[in-house]
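J.: One structure follows; several queries about it will come next.
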Amino acid sequence: MKGAALKALSLGLGLVLAAGLALEGPAVAPAAAAELPANALVVDGILLINRDYPIGADYDPIPGAPDNKQLLPEAQAAFQDMQEAGRIEAGLQLFVLSGYRSYAYQDWLYKGYRANVGDYADTFSAKPGMSEHQSGLAADIGDRRYPGITLEVAFENTEAGQWLANNAHRFGFILRFPKGQEAVTGYQYEPWHFRYIGKEAAGRMKAAGVPTLEAWLGTDTGAGRALASHQLGNVHVNRLPVPLRGYLIKDNHYYKLRDLAQVLAGTGAAFSVDYDAAHNEIILKRTPYAKGKAGEAPSASLPYRSALMNTITVRVDGEAYRLDRAVIDDLSYIKLRDLAKPLGFTVDWQVEPPTVLITTPAAEDEAKGQEKPDPAQTASPAEGSETTPATPTPAADPGDPAAAAPEEGVQASNPTDSHPAPSRVG
Ligand SMILES: [Zn+2]
124 MKGAALKALS LGLGLVLAAG LALEGPAVAP AAAAELPANA LVVDGILLIN
174 RDYPIGADYD PIPGAPDNKQ LLPEAQAAFQ DMQEAGRIEA GLQLFVLSGY
224 RSYAYQDWLY KGYRANVGDY ADTFSAKPGM SEHQSGLAAD IGDRRYPGIT
274 LEVAFENTEA GQWLANNAHR FGFILRFPKG QEAVTGYQYE PWHFRYIGKE
324 AAGRMKAAGV PTLEAWLGTD TGAGRALASH QLGNVHVNRL PVPLRGYLIK
374 DNHYYKLRDL AQVLAGTGAA FSVDYDAAHN EIILKRTPYA KGKAGEAPSA
424 SLPYRSALMN TITVRVDGEA YRLDRAVIDD LSYIKLRDLA KPLGFTVDWQ
474 VEPPTVLITT PAAEDEAKGQ EKPDPAQTAS PAEGSETTPA TPTPAADPGD
524 PAAAAPEEGV QASNPTDSHP APSRVG
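Anchor point for the sequence shown: position 401 equals 524 in my numbering, and the numbering is continuous, going up by one each time.
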């Protein structure tokens, strides 16, 4: 009954859309820079649109474009490459039955479905403002040789459906609503609906066997990935602000161990980091009060990233701890709280302004015997660094050849000695 109703609707829609036809007309004008709503979620540069992350009524990346006919230029070029490859490799005649849809059109479409089948419409049609089609990045694809099968599950058994399922990723498209993933995507299996996310991401997602965009971007954690937010508060070590940037993942702060080692250098919780590749273990050695080497400033990052979540053994002075790890860009991030006890510091959270407070107990003990730091100076690190002339790097421990090596590098790149190198070409 339900299936029959859907089938009738699908066929009806197919007829409506077939009149609009495909993407073979003149090239689309470059999209105006449409403003995404503030709550839109972009992870690893990929826009996620679903019921949890709508894009609202005002987002219109192809203003004035006719409904169903176009994709954003990059997606359209990728589709045309795919169309050509499908023709050469499998004799397919792929076409886009429905691409970009305006909010108003989706509203009309959704209301039409609801009028016919009530709540059941929500299993196959997005409410306006929640459809990927509004982004110009989604395409309902068919084969001109059998246009009537386009919006039906039977499309999966056609040459076109099978070729697309196996090859769309090569062109940057993913099957957006796979079979068996209805609880994650919120929609019925749609072997015809493909979403453009770019070749690299689509290829990696396919290779990793991650079934949905939600799981790939980490809003669904079923595939062992999680959403990582760069929107962290400040970090203070013993009341002084430090340039430590990491990620907030499921309400926990994760940092790179080398970055943490750098900001804890000189404190009672100072430590060194090594990696034991043979055993796939991270080796930490506590080195209280040891100075660190000057490091790089934290680099800018996208606000949201997708992290692969797993665990790794971290050895602290020989003792093994199995700790949660987040992997982003092949770099390991470890939960700050998990490191506190092994490394001998405490972590607190200040709500306003949002600040992670790291305290190294040994440094507190040390502070008892010292004068209180002048708050006027500690409050403004930028001024402090201005008034402090570049101090010479402390002499390296003569017994530590590794520590001496970077010194030469520092001298070689002395910025005051900035004569341009003579050109060999002249
Ligand atoms: Zn669709």
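The beta-carbon is built from N, C-alpha and C at its ideal position, and this holds for glycine as well.
For clarity, every value in this text was computed on a predicted model and none was experimentally measured.
1) According to DSSP, simplified to helix, strand and coil, what is Q473?
2) According to DSSP, which residues form a beta bridge with Y182?
3) Can you give the Cα-Cα distance for G332 and G309, rounded to whole angstroms?
4) For A351, which option in K408, A283, P465 and Y456 has the closest C-alpha, if you only look at C-alpha atoms?
5) Helix, strand or coil: how does DSSP classify A393 here?
6) Check P196 in the structure and name its three-state DSSP category.
7) Using only the heavy atoms of ligand 1, determine whether one of them is closer than 8 Å to the beta carbon of H359.
8) Since I264 and L220 are thought to touch, with beta carbons under 8 Å apart, how far apart are those beta carbons, to the nearest angstrom?
9) Based on Cα-Cα distance, which residue from F202, V474, R174 and V165 lies nearest to Y319?
10) Drop a sphere of 10 angstroms on the beta-carbon of S422, count the other beta-carbons inside from all chains shown, and report buried for 16 or more, exposed for fewer.
11) From this set, T273, A161 and D471, which residue's C-alpha is nearest N375's C-alpha?
12) Report the rounded CA-to-CA distance for Y182 versus L159, giving the unit in angstroms.
13) Can you grab the Cα-Cα spacing for the pair A502 / H359, in whole Å?
14) Give the secondary structure of G265 by DSSP, where H, G and I count as helix, E and B as strand, and everything else as coil.
15) Can you tell me whether DSSP reads P364 as helix, strand or coil?
16) Under three-state DSSP, which class holds I211?
17) Can you list, in chain order, the residues of its chain whose CB lies under 6 Å from that of L129, leaving out five sequence neighbours each side?
18) Give a single yes or no on whether E279 has its beta carbon closer than 8 Å to a heavy atom of ligand 1.
19) For ligand 1, is there a heavy atom less than 8 Å away from the beta-carbon of A291?
20) Using only Cβ atoms and a threshold of 5 Å, which residues come within that distance of a heavy atom of ligand 1? Order them by chain position.
21) Assess contact between the segment 255-264 and the segment 208-227, defined as three or more Cβ pairs (one per stretch) separated by less than 8 Å. Is contact present?
22) Roughly how many angstroms separate the alpha carbons of L287 and L340, rounded to a whole number?
23) Quick one: using the 10 Å Cβ neighbour count with 16 as the cut-off for buried, is Q354 buried or exposed?
24) So, for A349: in the same chain, excluding its five sequence neighbours on each side, which residues have a beta-carbon less than 8 Å away from its beta-carbon?
25) Quick one: Cα of R368 to Cα of D382, how far?
26) What does the Cβ neighbour count give for W231, buried or exposed, with the cut at 16 atoms within 10 Å?
27) Pick from I297, D399, R210 and E419: whose alpha carbon is nearest that of I435?
28) Per DSSP, which one or two residues make a beta bridge with T308?
29) Since I believe A325 is in contact with G295 (beta carbons under 8 Å), could you give me their beta-carbon distance rounded to a whole number of angstroms?
30) Could you tell me whether the segment 185-195 touches the segment 205-214, using the rule of 3 or more Cβ pairs below 8 Å?
31) What residue from Q473, E255 and V165 has the CA that sits closest to Y427's CA?
32) Across which residues does DSSP place I169 in a beta bridge pair?
33) Taking the continuous beta strand (DSSP E) assigned at L350, which residues delimit it?
34) Quick check on the burial criterion: 16 or more other C-beta atoms within 10 angstroms. Buried or exposed for P314?
T.: Quick look at the numbers:
1) The answer is strand: DSSP assigns Q473 an E or B state.
2) In DSSP, Y182 forms no bridge with anything.
3) Using only the alpha carbons, I get a separation of about 20 Å.
4) Closest in C-alpha terms to A351, from the list K408, A283, P465 and Y456, comes Y456.
5) Correct three-state label for A393: coil.
6) Residue state, collapsed to three classes: helix.
7) no
8) 7 Å
9) Checking every option, the nearest Cα to that of Y319 belongs to F202.
10) exposed
11) D471
12) 6 Å
13) Below a pLDDT of 50, predicted positions are generally treated as unreliable, and A502, at 38, falls in that range; the measurement from the model is reported next regardless. Cα to Cα, A502 sits roughly 11 Å from H359.
14) strand
15) strand
16) helix
17) Because L129 sits at a pLDDT of 40, beneath the cut-off of 50, its placement in the model cannot be relied upon, and the point is left open.
18) Outside the cutoff, so no.
19) no
20) D263 and H316
21) Segments in contact, yes.
22) One C-alpha to the other measures close to 22 Å.
23) exposed
24) G341, I372, K373, S429, A430, M432 and A449
25) 8 Å
26) exposed
27) D399
28) None, per the DSSP bridge assignment.
29) 5 Å
30) no
31) V165
32) V166.
33) R348 to S352
34) By the neighbour-count rule (16 or more Cβ atoms within 10 Å), P314 is buried.
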